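S.K.: With this note's numbering, the residue at position 193 of the sequence shown is 194, and numbering never jumps. For glycine and all other residues, C-beta sits at the position ideal for the given N, C-alpha and C. Bear in mind that the values here come from a model prediction, so they are computed numbers and not experimental data. Starting off with a structure, shown below.
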Amino acid sequence: QAVAPLLAEKLPPENPITTRTLKTIGIGETTVEQRITPALTEWIAAGLEIGYCARAGEVDVRLTASGEGGVERITQAEAIVREKLGPRIYGVDDEQLEEILIRQLTASGQTLAVAESCTGGLLAHRLTNVPGASAVFLAGHCTYSNAAKQNTLGVLPGTLAEHGAVSESVARQMAEGARAKHGADYALATTGIAGPDGGTAEKPVGTVFIACATAQGTDVVNACFATDRVTFKQLVVQQALNELRLNICK
């Protein structure tokens with residue numbers, strides 16, 4: 002067993018295998034396949050293999066080529082996939098979205114704060130799992146109650162009364178309040194209905210509003226993830242991280 006790795010280094014396999022995984026977000030597996038398969042027909046015929054792995058909010062596209070010239074085939078196939086999927090691709094191989102974001106913020110010298118309701122601290126947890134996050138992550142607030150939203154983030158009582166805690170207006174004020182409180186370049190906010198109770202015809206279980214506040218303004222997206230509470234929180238956090246990524250890339 003101790004000798005095998007040394008031999009593998011000195012004696013490369015006769016039929017080397019090259020792989021590349023492109024990580025996408027915010028697009029379904031079927032759509033990914035429909036967009037890239039026709040464009041890769043020639044490469045598939047030449048032996049390129051494509052695999053897909055779908056999980057919470059993401060789809061991995063794994064490109065595999067064997068034999069001589071595998072690296073070149075993978076490089077050319079990757080260029081085609083990137084052309085077809087564009088900004089839906091956020092990373093490669095083992096990269097995690099939060100790692101990429103912390104790296105980008107660190108490189109630009111920018112900072113981030115978060116205000117969470119329905120995600121209950123999971124967003125801050127994901128970000129602070131990354132080594133070096135303390136250089137850019139200023140604060141995280143878990144403002145689950147209306148009182149906490151008002152007292153901590155400055156959400157207006159009238160906004161809560163008129164629109165409800167799960168609304169575009171409240172998400173916007175949460176993000177803007179967190180950004181102003183800490184002087185952050187970016188602030189994310191989440192507010193939604195995790196279920197199984199609390200939904201209405203207008204706002205069913207799974208409804209969520211995600212806000213990203215910057216110096217240029219505040220973007221708010223509305224989505225609905227009708228699933229169990231744990232999966233709901235995971236999907237919302239992934240969507241929030243992607244909203245930050247899209248704002249950083251503007």
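1. Going straight from the alpha carbon of Leu-242 to that of Thr-215, what length do you get?
2. Taking the Cβ atom as the reference point for each residue, do Val-60 and Ile-51 lie within a distance shorter than 8 angstroms?
3. Name the DSSP bridge partner or partners of Lys-24?
4. Looking only at its chain, what residues have a beta carbon closer than 6 angstroms to the beta carbon of Ala-134, apart from the 5 residues adjacent to it on each side?
5. Residues in the same chain with beta-carbon distance under 8 angstroms from His-199, minus the five sequence neighbours each way, listed in chain order, please.
6. Could you compute how far the alpha carbon of Trp-44 sits from the alpha carbon of Gln-35?
7. In the DSSP assignment, find the alpha helix (DSSP H) that holds Gly-253 and state where it starts and stops.
8. DSSP beta-bridge partners for Gly-193?
9. Kindly identify the DSSP beta-bridge partner or partners of His-142.
10. Please work out which residues of its chain come closer than 6 angstroms, Cβ to Cβ, to Gly-141, disregarding the five sequence neighbours upstream and downstream, and give them in chain order.
11. Can you list, in chain order, the residues of its chain whose CB lies under 8 angstroms from that of Gln-235, leaving out five sequence neighbours each side?
12. According to DSSP, Thr-19 sits in a beta bridge with which residue or residues?
13. Are the stretch 211-226 and the stretch 157-176 touching, with three or more C-beta to C-beta distances below 8 angstroms?
14. Around the C-beta of Asp-37, are 16 or more other C-beta atoms found within 10 angstroms, so that it is buried, or is it exposed?
M.R.: Reading off the structure:
1. 14 angstroms
2. no
3. Asp-61 and Gly-92
4. Ile-103 and Leu-128
5. In the sequence under discussion, the amino acid at residue 199 is Gly, which differs from the His named in the question. For Gly-199, where only same-chain residues beyond five positions count, the Cβ hits under 8 angstroms are Val-206.
6. 16 angstroms
7. Because the chain in this structure spans residues 2 to 251, residue 253 falls outside the shown range and cannot be described.
8. Val-209
9. Ala-116
10. Val-115 and Ala-125
11. Ala-57, Gly-58 and Leu-123
12. Ala-66
13. yes
14. This sequence places Ile at residue 37; Asp is not what is there. Its Cβ being crowded by 16 or more others within 10 Å, Ile-37 is buried.
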